[in-house]
Structure formats: C-alpha cells, structure tokens
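Visitor: If you want the working numbering, it's the position in the sequence shown, counting the first as 1, plus 336. Glycine included, each C-beta is placed from N, C-alpha and C at the ideal position. Remember, it's a predicted structure, so these values are computed and weren't measured experimentally.
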Amino acid sequence: MSEVKIRPLKPEEYDDILTLWKRAGLSIRPKGRDSREAIMKQMAEAPDLFLGAEVSGKLAGIVIASSDGRRGYLNRIAVSPDFRGHGIAQKLTTAGEDALHKRGISVITLQIEDFNKASIRLARKMGYYQHFDVIYFSKRNSPED
C-alpha cells in the first residue's frame, strides 16, 4: 500500500465524507447533524479538527475531533473497507489526539458501540481505558440529530 497522508479535510469533500461513512458502516443523518450546512459550519469553526487519511489520492479514512474546552472527543473514526488492516485508524486517532493536544486538551475520550470489537481492540491497544461505571445518555431534538 502507498504512503498514508493525514491532512485536513476540505469543505468540497462533503459528498466524499458521507460516502466513506456509509461504506464504513456508520449511520448518517444528512437532514440533521450530518447535513451539509452542519458540517460546513463545524469545519469553518475548527478546520484543524476535521482530518482525512489519503492513500494514492483517495480518501481512505476520516476522524473528527471536538472539544468542550476541557475534554476532547474523537468522533466518526472511519476507514473505507478497501483500506482496512493497514493501521489507518490508528494514524487517524493519533492525528486527532495531536490536534486536541495542540489546543491544550489533555483528556481525550472515545465512544464506541459495544459490537464494534475492532475499534475496542484499537482503543485498548492505544492506551484508552474502558469505563464500566459510566452510563451514556443522550437527548436529541430530532432523530436526525
């Protein structure tokens, strides 16, 4: 496999981002949190936190980092099935961590669905601690959020 280049994502790659998420098996909410307008707004506010992995000119993976100013979050880590097994998710995770560290964030979290065994293994390999004493709740304005 060719060299993996981690780089900022560009607004004009919106359709490619959604396509990659779909191919990677992530749920997409194009009428809500994943709408063009929502993603463009987030990218404009924090372009350094939207990162892609490129291999031979193709978008192979994505990570979106975010922060509440105190704690950092790595979200939507996805690798196209064509490029799995080459360490791209680990490189994206490290790049997201680095971007958050540059902002002074020292605590970084991941949310992984319990059936996603590959992501759980990667998180453990990279030194993330699994908390069994935390229960995740969410409240949404709509199913698309």
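In its own chain, which residues sit with a C-beta less than 7 Å from the C-beta of residue 446, not counting the 5 before and 5 after it?
Guide: Here residue 446 refers to the residue found at position 110 of the sequence shown. The beta carbon of residue 446 lies closer than 7 Å to those of 410, 459, 464 in the same chain, with the five residues before and after it left out.
Visitor: Quick one: what does DSSP say residue 446 is sitting in, helix, strand or coil?
Guide: Counting from 1 along the sequence shown, the entry for residue 446 is found at position 110. In this structure, residue 446 counts as strand in the three-state DSSP scheme.
Visitor: Whose CA, out of 352, 363, 355, lies closest to the CA of residue 480?
Guide: Indexing the sequence shown from 1 puts residue 480 at position 144. Comparing Cα-Cα distances from residue 480 to each of 352, 363, 355, the minimum goes to 363.
Visitor: Exposed or buried, which one is residue 337 when buried takes at least 16 other CB atoms within 10 Å?
Guide: Numbered from 1 along the sequence shown, position 1 holds the residue referred to as residue 337. Looking at its Cβ environment, which holds fewer than 16 other Cβ atoms inside 10 Å, residue 337 is exposed.
Visitor: What does the alpha-carbon distance come out to for the pair residue 375 and residue 457?
Guide: Within the sequence shown, residue 375 is the residue found at index 39, counting from 1. Within the sequence shown, residue 457 is the residue found at index 121, counting from 1. The straight-line gap from Cα to Cα measures roughly 29 Å.
Visitor: Roughly how many angstroms lie between the CA atoms of residue 415 and residue 435, to the nearest whole one?
Guide: Taking the sequence shown and counting its residues from 1, one reaches residue 415 at position 79. Taking the sequence shown and counting its residues from 1, one reaches residue 435 at position 99. The straight-line gap from Cα to Cα measures roughly 19 Å.
Visitor: Name the residue from 468, 461, 438, 439 whose alpha carbon lies nearest to the alpha carbon of residue 450.
Guide: Residue numbering aside, residue 450 sits at position 114 when the sequence shown is read from its first letter. Looking at the Cα atoms, 468 is the closest of the given residues.
Visitor: Leaving aside the five residues before and after residue 412 along the sequence, list all residues of the same chain whose C-beta is less than 8 Å from its C-beta, in chain order.
Guide: Numbered from its first residue, the sequence shown carries residue 412 at position 76. The residues are 357, 362, 398, 399, 400.
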